[in-house]
Amino acid sequence: MVNFTDMLTVDRDVDQAIDALENRTNAYGYDAWGFSPAVAKRGYTFGKRVFLPYFRPTVTGIENLPPGRVMIVGNHSGQVPIDGAIVALACLLNGKPPRLVRAMVERWFPNVPFISDFLFRCGAVLGDPVNCRNLLLDEQSILVFPEGVRGSSKTWKKRYQLAEFGRGFMRLALQTDTPIVPCAIIGGEESIVSLYNAKTLAKWTGVPYFPITPFTPFLGPFGYMPLPVKFRIHFGKPLTFSGRYDDEDSVINEKADVIKSQISKLIEHGLAERKSVFY
Amino acid sequence: MILVTGIAGGLAQRVAARLLGSGHDVIGVDYRQDVELSGDIARIPVYRASYNKSAFEDVFRRHTFDAVLHLGRVGNLAESAGKRFELNVLGSQKVMHLCVQHKVRSLIVLSTFHIYGADARNPTPIAEDEALRAGFEFPQIADAIQLDNMAGAWMYQHPEVRTVVLRPTHVVGPNIQNTMCTLLRQPRVPYIAGFNPMMQFLHEDDLAGAIIAAVSGSVRGVFNIAGNDAVPWRTALAICGAMGFPLPSALSRRILPTVFRQPPYLVNFLKHPCIIDDTAFRHAFGFRAALALDEALQTTVGRAS
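Okay, here's the thing in structure tokens:
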């Protein structure tokens, strides 16, 4: 029988990992973005007890995370940001020392009640250049998905094909002299299968995209239950770029493409290595 | 001699008391009737005049001011938009002209951080050069934005008057009667279900200190003033000892302005953060808020800390 009291207690590993982080909160237990270690302990505990057994992620290359400020750049997919949660869990629980990753969320996301508030307490931050710069200058780690909604809204046909990268992350990395760690997230792109993005429904409901899964017609909202795919997270070697941060778009694009191709390589390697989507 | 506008307000009176204490002569002016000053500041001469009317000019003809503290911005939406435009925009314009005409050395204009607006896309923290997003959703706040912008433009149009524009965060304190304080003093305070934005609070004594620092300093510019620390709204309520109750987001736009008399543009401040950066002010004037956040909030609601 499931013991619900146990479910509510904070996991010991999570507790120790969050306690081991450098304390950047004020006397009331919050930082300026609303991170709260007390709430984050419960959030990460939930992630560890629900996401880890369900998605069974394997993590390689976590030792590539350099100390101090770092920007983790990954492929975005899966309709809902499970990929971000798994990378954040990996960095906190597998990182030596444990790392708190500040995931950058979409601009429409703060309008989502309850969930946005909870994720902000767990360390997520609105994906704005000012926020990124301030966090990096504070020697924190941030997680960015330069594909943005172009990535998370990907349909089945486009899985593991990287969508167009924004340039903002590269300009920020150059401006703040931050090393970039490319990261491939394998599994996310099969977790919620989107056959079609219903743009009209998205417009009516005020969300950026509205995926239709093969199960939507039969199961309705339950058709969005993520499949128990196995996640594989591969962190690449950190790369540092030099040059002007305010250079022309074409110059920045070239640098962003270096990261994009690194992630592509990590994805190819990861896909070649795996024998099944589910184990 | 220093002129303080908005002397009927709790903040202006705190500032006046401090100025008197440090040996300045103070003159007060307000557009509101029946200004009652008690205690130390009872001896301050007070004029009643609308800032946009010619009667106000006489105050400058009768006295010679070294500095003018224009603290009399009308934030209260109980006044009609037309009246607010007259007082805040035309009135402030007149204050500025009179300062030039009568060779006033320093002008301090009290603006507000409300003009940034609490928008879902706000970065943290917001510096002075950030866009003022409030007007985009709430055109009712146009007078406050124009006051702020006018004073900012004034700085280079009339460099002979050292102008400082202050944009404080939520001002709280036992003598403050603004919407935020009124809300905090209720036994049951609403919050918007599913939202708990980070907030800053600035105690009246700290804002008074900041205004005095701005008068005594030598720098001009537009500055944010934040208090110490930031906490979520519901944590602030807990510190005040207030009971929170949830309002659905969809209804909050209706209920908060009617039942709780919140200006519509303040509703979003219970939904999204508007955390401001006061680094520039601290560097320029060597000022730092003295009160801890819990003290600032607890003294506002009359709760012993």
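The listed protein sequences correspond, in order, to chains A and B. Numbers 4 to 282, taken from our numbering, label the letters of the first sequence in order. Numbers -7 to 297, taken from our numbering, label the letters of the second sequence in order. Quick reminder that beta carbons are idealized off the backbone N, C-alpha and C, glycines included.
Test item: CB-CB of residue i and residue j under 9 angstroms
| i | j | result |
| --- | --- | --- |
| B/Phe57 | B/Lys86 | no |
| B/Arg212 | B/Tyr183 | no |
| B/Ile(-6) | B/Val38 | no |
| B/Pro189 | B/Pro265 | yes |
| B/Ile100 | B/Val207 | yes |
| A/Gly151 | A/Glu109 | yes |
| B/Ile203 | B/Leu61 | yes |
| A/Val90 | A/Gly81 | no |
| A/Ala106 | A/Ala88 | yes |
| B/Leu229 | B/Val259 | no |
| B/Gly109 | B/Glu129 | yes |
| B/Ala302 | B/Ile168 | The displayed coordinates of chain B run from -7 to 297. Any statement about residue 302 of chain B would go beyond what the structure contains. |
| A/Leu140 | A/Trp36 | no |
| B/Arg10 | B/Asp22 | no |
| A/Pro113 | B/Arg245 | no |
| B/Pro77 | B/Asp135 | One detail in the question is off: residue 77 of chain B reads as Phe in this sequence, not Pro. For B/Phe77 and B/Asp135, yes; Cβs fall inside 9 angstroms. |
| A/His79 | A/Ala187 | no |
| B/Leu139 | B/Val96 | no |
| A/Val232 | A/Glu193 | yes |
| A/Val147 | A/Phe172 | yes |
| A/Pro290 | A/Tyr57 | What the structure shows of chain A is the stretch from 4 to 282, and residue 290 of chain A is not part of that stretch, so it cannot be assessed. |
| A/Asn134 | B/Pro224 | no |
| B/Val157 | B/Ser98 | no |
| B/Phe252 | B/Leu175 | yes |
| A/Trp111 | A/Val210 | yes |
| A/Thr243 | A/Pro149 | no |
| B/Ile298 | B/Leu63 | No answer is possible for residue 298 of chain B: the residues shown for chain B start at -7 and end at 297. |
Cutoff 7 angstroms; reference residue i; Cβ partners in own chain excluding five residues on either side
| i | result |
| --- | --- |
| A/Arg277 | Ile189 and Arg235 |
| A/Tyr227 | Ile195 and Thr216 |
| B/Ala186 | The displayed chain sequence assigns Gly, not Ala, to residue 186 of chain B. Excluding sequence neighbours, B/Gly186 sits near Ser241. |
| A/Thr48 | Val13, Asp14 and Val17 |
| B/Leu199 | Leu3, Pro160, Val163 and Ile217 |
| B/Ile133 | His106, Ile107, Ala126, Gly127 and Tyr257 |
Proximity winner among the options, relative to residue i (alpha-carbon distances)
| i | options | result |
| --- | --- | --- |
| B/His16 | B/Val7, B/Tyr23 and B/Thr(-3) | B/Val7 |
| B/Asn220 | B/Val164, B/Met235, B/Asp22 and B/Ala282 | B/Ala282 |
| A/Arg72 | A/Leu204, A/Leu177, A/Val108 and A/Asn200 | A/Leu177 |
| A/Lys268 | A/Lys233, A/Lys240 and A/Phe54 | A/Lys240 |
| A/Leu175 | A/Phe49, A/Ile75, A/Phe38 and A/Arg136 | A/Arg136 |
| B/Leu289 | B/Ile247, B/Ala276, B/Ala272 and B/Gly233 | B/Gly233 |
| B/Val(-4) | B/Leu3, B/Gly2, B/Lys95 and B/Gly20 | B/Gly20 |
| A/His237 | A/Leu222, A/Ser197, A/Val184 and A/Leu122 | A/Val184 |
| B/Leu262 | B/His55, B/Leu239 and B/Gln138 | B/Leu239 |
| B/Arg154 | B/Gly209, B/Phe252, B/Asn141 and B/Leu102 | B/Gly209 |
| B/Phe237 | B/Gly74, B/Gln178, B/Pro166 and B/Arg125 | B/Gln178 |
| A/Asn200 | A/Gly154, A/Ser144, A/Ala43 and A/Val133 | A/Gly154 |
| B/Asn141 | B/Ser103, B/Pro151, B/Leu29 and B/Gly294 | B/Ser103 |
| A/Glu66 | A/Asn97, A/Pro149, A/Asn256 and A/Asp249 | A/Asn97 |
| A/Asp180 | A/Lys161, A/Ser197, A/Gln143 and A/Val210 | A/Gln143 |
| B/Phe273 | B/His89, B/Ala126, B/Ala119 and B/Met172 | B/Ala119 |
| A/Lys99 | A/Gly126, A/Leu68, A/Ile118 and A/Thr208 | A/Leu68 |
Contacts around residue i, its chain only, beta-carbon distance under 6 angstroms, and the 5 residues preceding and following it disregarded
| i | result |
| --- | --- |
| B/Pro249 | Pro256 |
| A/Thr219 | Gly226 |
Close Cβ partners of residue i (< 8 angstroms) along its chain, the five nearest in sequence each way excluded
| i | result |
| --- | --- |
| A/Gly246 | Leu177, Val254 and Lys258 |
| A/Lys202 | Tyr212 and Phe213 |
| B/Val51 | Leu(-5), Ile19, Val21, Tyr39 and Ala41 |
| A/Ile21 | Pro40, Ala43, Lys44, Tyr47, Leu95, Pro101 and Leu103 |
| B/Asp197 | Arg6, Gly165, Ala282 and Leu283 |
Review point. Residues in the segment 203 to 229 of chain B with C-beta within 9 angstroms of chain A's C-beta atoms, listed in sequence order?
Key: Asn220, Asp221, Ala222, Val223, Pro224 and Thr227
Check each residue of the segment 179 to 191 of chain B: if its Cβ is closer than 7 angstroms to any Cβ of chain A, include it; give the result in chain order.
From the segment 179 to 191 of chain B, only Ala185, Gly186, Phe187, Asn188 and Met190 have a Cβ closer than 7 angstroms to chain A.
_Continuous alpha helix (DSSP H) assignments of at least 4 residues falling wholly in the segment 68 to 121 of chain A_ = 85 to 97
Report task. Determine which residues of the segment 235 to 263 of chain B have a Cβ less than 7 angstroms from any Cβ of chain A, and write them out in chain order. Result -> Ser241
Which residues, in order along the segment 11 to 37 of chain A, keep a beta-carbon less than 9 angstroms from a beta-carbon of chain B?
Asn29, Ala30, Tyr31, Gly32, Tyr33, Asp34, Ala35, Trp36 and Gly37
The segment 110 to 132 of chain B: which residues have C-beta closer than 7 angstroms to a C-beta of chain A, in chain order? Ala112, Arg113, Pro115, Thr116 and Pro117
Quick one, which residues of the segment 122 to 140 of chain A are near chain B if we go by CB-CB under 8 angstroms, in chain order? Val128, Leu129, Asp131, Pro132, Val133, Asn134 and Asn137
Fill in: Contiguous beta strand (DSSP E) assignments of at least 3 residues, all confined to the segment 219 to 260 of chain A
DSSP runs (the beta strand (DSSP E)) wholly in the segment 219 to 260 of chain A: 235 to 238.
**Q.** Where the segment 247 to 280 of chain A meets chain B: residues whose CB sits under 8 angstroms from a CB there
**A.** none
| request: Name, going along the chain, the residues of the segment 93 to 118 of chain A whose beta-carbon falls closer than 9 angstroms to a beta-carbon of chain B. | output: Arg110, Trp111, Phe112, Pro113, Asn114, Val115, Pro116, Phe117 and Ile118
Report task. Let me know the beta strand (DSSP E) ranges lying completely inside the segment 67 to 127 of chain B, each 3 residues or longer, listed in chain order. Result -> Assignment of beta strand (DSSP E) within the segment 67 to 127 of chain B, counting only whole runs of 3 or more residues, yields 98 to 102 in chain order.
Checklist entry - Quick one: complete beta strand (DSSP E) runs, 3+ long, within the segment 150 to 228 of chain A? => result 183 to 189
Quick one, which residues of the segment 277 to 288 of chain B are near chain A if we go by CB-CB under 9 angstroms, in chain order? Ala284, Leu285 and Asp286
| task | Ignoring anything shorter than 4 residues or poking outside the segment 123 to 188 of chain B, list the alpha helix (DSSP H) runs there in chain order. | result | 126 to 129, 134 to 149 and 171 to 176
Ordered list of beta strand (DSSP E) runs contained in the segment 16 to 42 of chain A, each at least 3 residues: none
Q) Which of the residues in the segment 136 to 150 of chain B, read from start to end, lie with their CB under 8 angstroms from any CB of chain A? A) Per Cβ criterion, the list is empty.
**Prompt:** Hey, which unbroken runs of the beta strand (DSSP E) at 3 residues or more fall wholly within the segment 1 to 32 of chain B?
**Reply:** DSSP runs (the beta strand (DSSP E)) wholly in the segment 1 to 32 of chain B: 18 to 22.
- Query: For the segment 68 to 96 of chain A, which residues have a CB atom closer than 7 angstroms to at least one CB atom of chain B, in sequence order?
  - Reply: Listed by position along the chain: nothing, the set is empty.
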